[in-house]
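Colleague: Numbering (this note's numbering), first residue to last: 8 to 276. Let me begin by handing over the structure; questions about it come next.
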């Protein structure tokens, strides 16, 4: 698997904190300065809580957007496990066959009344349809009826058939700009329905060497939303709840998130 603290998040929330205080004049703030190392009377603490509640409403309004996006897109995000076939392994000096497994994420879309899972080709590359298990957000497991993949772009499409499927809405990745807020949803380290937050760090990343893959078609978005192993194939989502890219890989010396992730723009699909 190729994918992968959000450095910009601290700056973001520092900015939002300043914004939270901006609408209120000094006349609305409690008189005097209260240092945490000094004793505070019950009246002073009560006033601090009142001002805190007032200022926190701005941040809570920002958080409400993220909650809404997560609630809308989450039911369309799936966890994928794929048998990669047997490989030789050694145990107590005897050679035996050991089944290997890939894991990643995906997102459901609907096209002409049929449902498909968008994911990365490298998640299911060495698997037959019967060896791929797709776990829905409600715990059900389905298997694809058909698997289509493109090694040159690391894109795969899995046809699925089941009841009560929820499809995500596709956005326009061409409209994305550097600095736009995005969320990554997926199953890092098998932890399904995990949501991280960041920005679009760069666009048009090409000529990347991603593991053993030689991808001919590259036009990656770069993001600092935390992406880790298991996020491969999961969606990158804008603040309107639209899928704008599929998370694919990370640049990392440790094997985990270091704030540089790459995603395939949805307009390439």
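Each residue gets a CB set at the ideal place from its N, CA and C atoms; glycine is no exception. Computed from a predicted structure; not experimentally measured.
I need the straight-line Cα distance from residue 3 to residue 241, nearest angstrom please.
Modeller: Nothing about residue 3 can be read from this structure; the chain reaches only from 8 to 276.
Colleague: So which of 276, 201, 207, 223 has the shortest CA-CA distance to residue 267?
Modeller: Counting from 1 along the chain shown, the entry for residue 267 is found at position 260. For residue 267, the nearest C-alpha among the options comes from 207.
Colleague: For residue 279, which three-state DSSP category applies?
Modeller: Any question about residue 279 goes unanswered here, given that the chain covers just 8 to 276.
Colleague: With a Cβ-Cβ cutoff of 8 angstroms, do residue 112 and residue 237 count as a contact?
Modeller: The count along the chain shown starts at 1 and reaches residue 112 at position 105. The count along the chain shown starts at 1 and reaches residue 237 at position 230. Yes, the pair counts as a contact, with Cβ atoms nearer than the cut-off.
Colleague: Grab the span of the alpha helix (DSSP H) containing residue 249 for me, first residue to last.
Modeller: Here residue 249 refers to the residue found at position 242 of the chain shown. Not the alpha helix (DSSP H): residue 249 falls in the beta strand (DSSP E), residues 249-257.
Colleague: Can you give the Cα-Cα distance for residue 6 and residue 131, rounded to whole angstroms?
Modeller: Lying outside 8 to 276, the shown extent of the chain, residue 6 is not represented and no answer is given.
Colleague: Quick one: using the 10 Å Cβ neighbour count with 16 as the cut-off for buried, is residue 6 buried or exposed?
Modeller: Residue 6 is absent from the model: the chain starts at 8 and stops at 276.
Colleague: Going by alpha carbons, who is nearest to residue 83 out of 250, 114, 136, 160?
Modeller: To locate residue 83, count along the chain shown from 1; it is residue 76. The candidate whose alpha carbon is nearest that of residue 83 is 114.
Colleague: Could you tell me the alpha carbon to alpha carbon distance between residue 212 and residue 228, rounded to whole angstroms?
Modeller: Along the chain shown, read from residue 1 onward, the residue named residue 212 stands at position 205. Along the chain shown, read from residue 1 onward, the residue named residue 228 stands at position 221. Cα to Cα, the separation comes out at about 6 angstroms.
Colleague: Which one of 145, 129, 52, 50 has the shortest CA to CA distance from residue 254?
Modeller: If you number the chain shown from 1, residue 254 lands on position 247. Taking only the C-alpha atoms, the option nearest residue 254 is 129.
Colleague: Alpha carbon to alpha carbon, what distance is there between residue 201 and residue 151?
Modeller: As a working mapping, residue 151 is identified with position 144 in the chain shown. As a working mapping, residue 201 is identified with position 194 in the chain shown. Approximately 23 angstroms, taken between the alpha carbons.
Colleague: Put residue 116 into one of helix, strand or coil per three-state DSSP.
Modeller: For the purposes of this step, residue 116 is taken as the residue at position 109 of the chain shown. Reduced to three states, the DSSP call for residue 116 is strand.
Colleague: Have a look at residue 194 and residue 51 and give me their C-alpha separation to the nearest angstrom.
Modeller: Counted from its first residue, the chain shown places residue 194 at position 187. Counted from its first residue, the chain shown places residue 51 at position 44. Approximately 45 angstroms between the Cα atoms of the pair.
Colleague: Which of helix, strand or coil does DSSP assign to residue 91?
Modeller: Locating residue 91 in the chain shown gives position 84, where the first residue counts as 1. Three-state DSSP puts residue 91 in a strand.
Colleague: Looking at the secondary structure, which residues open and close the alpha helix (DSSP H) in which residue 62 lies?
Modeller: To locate residue 62, count along the chain shown from 1; it is residue 55. Taken as a continuous stretch (DSSP letters only), the alpha helix (DSSP H) holding residue 62 covers 49-80.
Colleague: According to DSSP, which residues form a beta bridge with residue 109?
Modeller: Position 102 of the chain shown, counted from the start, is the residue given in the question as residue 109. According to DSSP, which records beta bridges pairwise, residue 109 is partnered with 89.
Colleague: Whole angstroms are fine: how far does the CA of residue 189 sit from the CA of residue 86?
Modeller: Reading the chain shown from its first residue, position 79 is the one you call residue 86. Reading the chain shown from its first residue, position 182 is the one you call residue 189. If I take the Cα positions, the gap works out to 20 angstroms.
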